[in-house]
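Residue numbers (mature numbering (1 follows the signal peptide of the UniProt record, and there is no 0)): -29 to -1, 1 to 413.
Just so you know, even glycine gets a beta-carbon here, dropped at the ideal spot from N, CA and C.
For clarity, every value in this text was computed on a predicted model and none was experimentally measured.
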Amino acid sequence: MSPRPASARRMPVAALLCCALLTAPGPTARAFASDRPANPVTTVPPYVTDTARADRVAEGLRESPLFVDPEAASSLNAEERAGLRDRLAGADVPVRIAVLPFSLDDASGGDPEVFLHALHDALGEEGVYVALEAHRESRGYVHAVAFDVPIDLELSDELSYSGREGASDAELLAATLDEVDAAPAGPAGSPAPHVPLPDTDTGDSGSPAQDYLYGGFIPGLLIVGPLLALLVWGLGTLVLRAARRSPLLSAAAVRTPGAGAGSSGPAEAARPRQAPRRPSRGHLVRTLNTELQALSEEIAEAGEEHPHRRRAVNAFDAAGILAREHRDQLDLVGAIVLARDGRQALSRERGRRTRPACMVNPLHGSAPDTGRKTDVPGMGRVRVCADCARLPAETLRRRILLVGHEGRRVAHHETARFWITVEYGEHTRDLPERVMEELGVH
């Protein structure tokens, strides 16, 4: 994180939200607020209305880069699976393969490309995602999408459309890996799937990612309910209470895709989480979106008299600045930590410090209140989350967060950046205020 110009001045939260409300584009608001269609496929992440299948496959891929569905067990024998896993372990870019059947009545409407996007949303890691359509009585077809890796991947027609005459599923996957290895360099990105829209859908001019980036960060980030709640809160407690009873406000407070259906409030921000080791930029943006939305709602509910309101508002401001300026992956991780710090602050008693984030992977959540430190390879004794505190050193080494830095992936602590110096809050009593100072915002 580099500081902003010294002349920069902090925009009050109320003014920032007023501007966001007045300038919020219609298509973005519709994308967040409209009801999910009856069709199982949607135009916004995670692109399916039922994520159970994608979540199940993602859980398997966290253990191994090759997942074979029980219904497709005959596609690959044990020797073929072992050979593919060996090859995946030595791939230049991360590759994840899912072998499973598809049908029109499954969660992705029988579309492997949509499933791969839902899988990427569930797993949250960069790489080439491959799906092999497993058919008992015919050869399979292969589909692949590259997420946030610098290659220009387009599988040959014989893999994607016609299959290879007489080739086994193992041979098809080996040929796919050959084409991934031979793919030319290209821009890293997270493409949106080609989702057919129902006739009644007015649609948007761009993809959800384009709406998010070019429609303005805050309009895409905060939806109508939290915005109105914060604006009304600025007018006074009585008006806020009336607004909370308003059916219109309740109906407008729709969560963004990917947000939990029910949040347990500020204390929820400190809980341990599963998190990817190699997060994609899209995953980080969506996570930050969810955390800032929750923080905005919780600030509104806490009221002006809350002893840690100022810290929570500072966290909201600082995280919002980092996001709007399109910082790199590590700053997005820091912004997520800031948002969670603000949420934590609202759940703490006066005078009690918030907990720093896990140094193995800050996306895991906060360290316990015990203050104990754990030996982590390459870091020494640091604060870690409750889950990491129970693991041996070699396992911890494999869980360390990797981020993009100077054109390659490195362990986050090797960047020697601001976030590492303060250990995500361990070495400063007020992380949001310290970040505002670093940004040159007063």
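Taking A115 as part of the beta strand (DSSP E), name the residues at either end of that continuous run. Residue 115 sits at position 144 when you count from the first residue of the sequence shown. Taken as a continuous stretch (DSSP letters only), the beta strand (DSSP E) holding A115 covers Y112 to F118.
Just verifying my parser: in three-state terms, what is the DSSP assignment at L126? Counting from 1 along the sequence shown, the entry for residue 126 is found at position 155. Three-state DSSP puts L126 in coil, outside helix and strand.
The alpha helix (DSSP H) with D26 in it runs from where to where? Taking the sequence shown and counting its residues from 1, one reaches residue 26 at position 55. Note, D26: alpha helix (DSSP H), A23 to E34.
On the CB-based measure, 16 or more other CB atoms within 10 Å of its CB, does E34 come out buried or exposed? Here the question's residue 34 lines up with position 63 in the sequence shown. Looking at its Cβ environment, which holds fewer than 16 other Cβ atoms inside 10 Å, E34 is exposed.
Determine the direct distance from the alpha carbon of P16 to that of H114, and round the result to whole angstroms. What you label residue 114 is simply residue 143 of the sequence shown in a count that begins at 1. What you label residue 16 is simply residue 45 of the sequence shown in a count that begins at 1. H114 and P16: Cα-Cα distance of roughly 19 angstroms.
Integer-rounded CB distance, given that D119 should sit under 8 angstroms from G305: Translated into the one-based positions of the sequence shown, residue 305 becomes position 334. Translated into the one-based positions of the sequence shown, residue 119 becomes position 148. So it is not a contact: roughly 19 angstroms between Cβ atoms.
Under the three-state reduction of DSSP, which class applies to S46: helix, strand or coil? Taking the sequence shown and counting its residues from 1, one reaches residue 46 at position 75. Three-state DSSP puts S46 in a helix.
According to the neighbour-count rule (16 or more other Cβ atoms, all chains shown, within 10 Å of its Cβ), is E262 buried or exposed? Within the sequence shown, the letter at position 291 stands for residue 262. Its Cβ being crowded by 16 or more others within 10 Å, E262 is buried.
Opposing strand residues paired with D288 [DSSP bridges]: The count along the sequence shown starts at 1 and reaches residue 288 at position 317. Paired residues: none, contrary to the question.
Going by beta carbon distance, what residues of the same chain come within less than 6 angstroms of D92, once the five residues before and after it are set aside? If you number the sequence shown from 1, residue 92 lands on position 121. For D92, where only same-chain residues beyond five positions count, the Cβ hits under 6 angstroms are P16 and P17.
Between the CA atoms of D299 and E150 - distance to the nearest angstrom: The residue you call residue 150 lines up with position 179 of the sequence shown. The residue you call residue 299 lines up with position 328 of the sequence shown. Going by the C-alpha atoms only, they are around 30 angstroms apart.
Would E42 pass as a contact of L71 if the rule is Cβ separation under 8 angstroms? Working through the sequence shown from its first residue, we reach residue 42 at position 71. Working through the sequence shown from its first residue, we reach residue 71 at position 100. Contact: yes.
Consult DSSP for I270 and reduce its assignment to one of helix, strand or coil. To locate residue 270, count along the sequence shown from 1; it is residue 299. Three-state DSSP puts I270 in a helix.
Classification of R56 by the beta-carbon crowding that lies within 10 angstroms, buried from 16 upward: By one-based count along the sequence shown, residue 56 stands at place 85. Flag for R56 reads exposed.
Can you round the beta-carbon distance between D312 and P403 to whole angstroms, since I take them to be within the 8 angstroms contact cut? Within the sequence shown, residue 312 is the residue found at index 341, counting from 1. Within the sequence shown, residue 403 is the residue found at index 432, counting from 1. Yes, they are in contact, since the Cβ atoms of D312 and P403 sit about 6 angstroms apart, within 8 angstroms.
Alpha carbon to alpha carbon, what distance is there between V85 and F38? Numbered from its first residue, the sequence shown carries residue 38 at position 67. Numbered from its first residue, the sequence shown carries residue 85 at position 114. Rounded to whole angstroms, F38 to V85 spans 17 angstroms at the Cα level.
Identity of the residue in L309, V12 and G375 nearest R400 by Cα: Reading the sequence shown from its first residue, position 429 is the one you call residue 400. Cα-wise, what sits closest to R400 is L309.
Does the structure place the stretch 277 to 286 close enough to the stretch 352 to 361 that three or more beta carbon pairs sit under 8 angstroms? no
Under the assumption that T386 contacts L334 (Cβ atoms under 8 angstroms), give the Cβ distance between them as a whole number of angstroms. Numbered from 1 along the sequence shown, position 415 holds the residue referred to as residue 386. Numbered from 1 along the sequence shown, position 363 holds the residue referred to as residue 334. About 16 angstroms; that fails the 8 angstroms criterion.
Measure the alpha-carbon distance for L130 versus P83 and round it to whole angstroms. On the sequence shown, position 159 is the one that residue 130 refers to. On the sequence shown, position 112 is the one that residue 83 refers to. So the two alpha carbons sit approximately 13 angstroms from each other.
List the residues that DSSP assigns as beta-bridge partners of G98. In the sequence shown, residue 98 corresponds to position 127, counting from 1. The partner list for G98 (beta bridge, DSSP) reads F118.
Would you kindly work out how many angstroms separate the C-alpha atoms of A338 and S251, rounded to a whole number? Taking the sequence shown and counting its residues from 1, one reaches residue 338 at position 367. Taking the sequence shown and counting its residues from 1, one reaches residue 251 at position 280. Each residue's Cα considered, the two are about 24 angstroms apart.
To the nearest angstrom, how far is the alpha carbon of R116 from that of E142? What you label residue 116 is simply residue 145 of the sequence shown in a count that begins at 1. What you label residue 142 is simply residue 171 of the sequence shown in a count that begins at 1. Arg is not the amino acid found at residue 116; the sequence shown has Val there. Distance between the alpha carbons of V116 and E142 is about 19 angstroms.
Could you give the first and the last residue of the continuous beta strand (DSSP E) run that contains F73? The residue labelled residue 73 in the question sits at position 102 within the sequence shown. Note, F73: premise wrong, no beta strand (DSSP E); not H, not E.
In whole angstroms, what is the alpha-carbon distance linking A159 and D40? Translated into positions along the sequence shown, residue 159 becomes position 188. Translated into positions along the sequence shown, residue 40 becomes position 69. Roughly 29 angstroms separates the two Cα atoms.
Would you please state the rounded distance, in angstroms, between the beta carbons of H383 and L372? I believe it to be under 8 angstroms. In the sequence shown, residue 383 corresponds to position 412, counting from 1. In the sequence shown, residue 372 corresponds to position 401, counting from 1. With a Cβ gap of about 5 angstroms, H383 and L372 count as contacting.
Considering only C-alpha positions, which residue in the set D123, E50 and R326 is nearest to G157? Against the sequence shown, residue 157 aligns to sequence position 186. Cα-wise, what sits closest to G157 is D123.
Can you grab the Cα-Cα spacing for the pair A316 / R323, in whole Å? Numbered from its first residue, the sequence shown carries residue 316 at position 345. Numbered from its first residue, the sequence shown carries residue 323 at position 352. Spanning the two alpha carbons is a distance of roughly 9 angstroms.
Using 8 angstroms as the threshold, is the C-beta distance between H11 and D26 below it? Here residue 11 refers to the residue found at position 40 of the sequence shown. Here residue 26 refers to the residue found at position 55 of the sequence shown. Looking at the sequence itself, residue 11 is Pro, so the reference to His does not match. For P11 and D26, no; Cβs fall outside 8 angstroms.
Buried or exposed: which applies to E50, given that a residue is buried once 16 or more other Cβ atoms fall within 10 Å of its Cβ? Along the sequence shown, read from residue 1 onward, the residue named residue 50 stands at position 79. Classification of E50: exposed, given that the 10 Å Cβ count is below 16.
Identify, in the order they occur along the chain, each residue of the same chain with its Cβ nearer than 8 angstroms to the Cβ of I307, setting aside the five sequence neighbours on each side. Start at 1 with the first residue of the sequence shown, and residue 307 comes out as number 336. These residues qualify, in order along the chain: L255, T258, L259, E262, A290, P333 and L334.
What is the DSSP secondary structure of P250, counted as helix, strand or coil? Start at 1 with the first residue of the sequence shown, and residue 250 comes out as number 279. P250 falls in the strand class under three-state DSSP.
Proximity below 8 angstroms, CB of residue 416 to CB of E394: Any question about residue 416 goes unanswered here, given that the chain covers just -29 to 413.
Alpha helix (DSSP H) runs contained entirely in the stretch 313 to 375, provided each spans 4 or more residues: 357 to 360 and 364 to 370
Measuring CA to CA, which of A153, D288, I68 and D140 is closest to N48? By 1-based counting over the sequence shown, the position of residue 48 is 77. With distances taken between Cα atoms, N48 lies closest to D140.
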